[in-house]
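Step one of this worksheet: look at the structure below.
Numbering (UniProt numbering), first residue to last: 1 to 140.
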């Protein structure tokens, strides 16, 4: 009886093609023994990935523009400094110097833009960082 059933299975037309069987998942790698080179390498790799993730939120990109704010002063003592993280978030600091005084301003930046009106020099500092960012750079 078994031989007849097997023969029928091979010769009978199938109604629908058999679905492909999914490839078996590879066996998970066992955790290496503590204190071995493999375990230390795995731990260090995780630490590096964690550190890289944290660095994206730190100030890493800067551009400075020096200029003479007034016609009666020289030496380019005034400046605007853009400090940004990988997301284009940060601050623009500006110091405007005259013969009589110096004033300092800070303006918040989110994705290369500010809600505060920016001076041409502040815009230039931000534009410098925007241009330096490449399509694969996290700054974009």
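Even glycine gets a Cβ: it sits at the ideal position worked out from N, Cα and C.
- Annotation for residue 55: the continuous alpha helix (DSSP H) segment containing it runs 37–55.
- For residue 130, the uninterrupted alpha helix (DSSP H) run begins and ends at 120–132, by DSSP.
- When the beta-carbon positions are compared, residue 91 and residue 109 come within less than 8 Å of each other.
- Here DSSP, grouped into helix, strand and coil, assigns residue 33 to coil.
- Residue 77 is a Cβ neighbour of residue 97, given a cutoff of 8 Å.
- Between residue 33 and residue 39, the gap from beta carbon to beta carbon is short of 8 Å.
- With fewer than 16 neighbouring CB atoms inside 10 Å of its own CB, residue 44 falls in the exposed class.
- For residue 98, no beta strand (DSSP E) encloses it, and the DSSP letter there is neither H nor E.
- DSSP, read as helix, strand or coil, puts residue 77 in coil.
- CA-to-CA, the gap between residue 57 and residue 50 works out to about 12 Å.
- Annotated as proximal: residue 83 and residue 59, with beta-carbon spacing under 8 Å.
- DSSP places residue 58 outside any beta strand (DSSP E), giving it a letter other than H or E.
- In this structure, the straight-line span from the alpha carbon of residue 75 to that of residue 105 is close to 20 Å.
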